[in-house]
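Okay, structure first, notes after.
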Amino acid sequence: MHSESPARLIRIEDPLDPRIAEFTAMRDRDLAGRGDRFIAEGRVVLQALMDAEAGSRRFVLEKALILENRVDGLGDVLGRIDPACPVYVAGREVLDAAVGFAMHRGILAVGRHLPASSFEEFLSGLPEKALLVAACGIANHDNIGGIFRNAGVFGADGVVLDSSCCDPLYRKAIRVSVGAALRVPFCRAGSIGEMVSALSAHGFEVAGLSPRGTGALSSFEPGRRLALLAGTEGEGLPADLVSRIRTLRIEQAPGMDSLNVATASGIALWHAATRMGRTRA
């Protein structure tokens, strides 16, 4: 633990100060992507980032920017930050002008993701008994955040994303996941075909979630290694892929087309995690 003192906080008086350049016009920059860097927003997400930095070593907290009237209530959080990490403080007017909008919760940080060097390395590091969510074509940040939240709640070992999925470290996706995007390991895996082939080679049964699945989820018994494959809403999973993997449907009342993909992943994860002994009363 590090003790926090007012002397450590670095005062910012100019919204164009280059030391906080990563936060400037944050909304626009977020849409453009940041490579392995991302914005953490709010106390819960900042704490998740620090937990991930200390535990998994998959993330680094690079700097923080705090609204001055939030500092007094953050003593325990600020005290955990490495002394080498700069912590900037600004008034409301300066912070709003720098960020570009007022809905920022007064607690912002820049984090950096340290991903596995390859999908092969990621898969090789998983336990013998493993549960994954494999996401295909998920372009909505609310859905990707929801999938990560479900994966965290039901004890999945990770989330794998094909090349067309949106960024789980986008600010909104992290917020919707309630920080789970920083807690649940994830990896990009190229195309969906490459993803499924690699998973199969590592002993995973790949089960696709589809309203037209040939098997009922309620009667499905997972083995030692399972990857639940979730596709984009509307088109769903590619037809050529569905024809060569096990597919599962969630039984539902007639009259509606299908569940939201995040909701479907949550139900399927609950079922699999319960039968794999990952949940408790």
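Going from the sequence shown to my numbering is simple: count from 1 and add 1. Note that the Cβ used here is the ideal one computed from N, Cα and C, for glycine as well. These figures come from a predicted structure and were not determined experimentally.
query, result
"Beta-carbon separation (whole angstroms), residue 248 vs residue 211, contact threshold 8 angstroms", "5 angstroms"
"Cβ contact check for the segment 225-235 and the segment 105-124: 3 or more pairs under 8 angstroms", "no"
"Contact under 8 angstroms by Cβ, residue 146 with residue 98", "no"
"Coil, strand or helix - residue 47 by DSSP", "helix"
"Residue 168 to residue 114 span [Cα, whole Å]", "12 angstroms"
"Within 8 angstroms, strictly: CB atoms of residue 178 and residue 150", "yes"
"3-residue-minimum beta strand (DSSP E) runs that sit fully inside the segment 59-92, ordered along the chain", "60-68, 88-91"
"Within 8 angstroms, strictly: CB atoms of residue 111 and residue 40", "yes"
"Beta-bridge pairing of residue 187 - partner residues as DSSP gives them", "160"
"Test item: CB-CB of residue 37 and residue 116 under 8 angstroms", "yes"
"CA-to-CA distance, residue 184 to residue 59, given in whole angstroms", "9 angstroms"
"Cα-Cα separation, residue 75 to residue 238", "45 angstroms"
"Proximal residues to residue 265 (C-beta, below 8 angstroms), its chain only, five neighbours per side dropped", "210, 231, 251, 259"
"Outcome for residue 194 when other beta-carbon atoms lying within 10 angstroms are tallied against a minimum of 16", "exposed"
"Beta-carbon proximity list for residue 204, same chain, < 7 angstroms, skipping 5 on both sides", "226"
"Selected residue, minimal CA-CA separation from residue 272, among 71, 124, 187, 157", "157"
"Residues sharing a beta bridge with residue 136, DSSP", "162, 231"
"Residue-chain proximity (residue 193, chain C), Cβ-Cβ < 8 angstroms", "The chain inventory of the structure shown lacks chain C, comprising one protein chain alone."
"Buried or exposed (CB count within 10 angstroms, at least 16 for buried), residue 15", "exposed"
"Pair within 8 angstroms by beta-carbon distance, residue 276 and residue 223", "yes"
"Residue span of the alpha helix (DSSP H) that contains residue 269, given as start and end", "262-276"
"Proximity of residue 61 and residue 54 at Cβ, strictly below 8 angstroms", "yes"
"Buried or exposed (CB count within 10 angstroms, at least 16 for buried), residue 79", "buried"
"Residues near residue 281 by beta carbon distance below 8 angstroms, same chain, minus five either side", "none"
"Under the three-state DSSP convention, the category residue 142 falls into", "helix"
"Cα-Cα separation between residue 143 and residue 166, rounded to whole angstroms", "12 angstroms"
"Neighbourhood of residue 192 by C-beta distance below 7 angstroms, restricted to the same chain and skipping five residues each side", "163, 164"
"For residue 124 and residue 202, the rounded distance between their alpha carbons", "10 angstroms"
"Environment of residue 228 [buried if 16+ CB atoms lie within 10 Å]", "buried"
"For residue 39, the residue or residues it bridges with in DSSP", "112"
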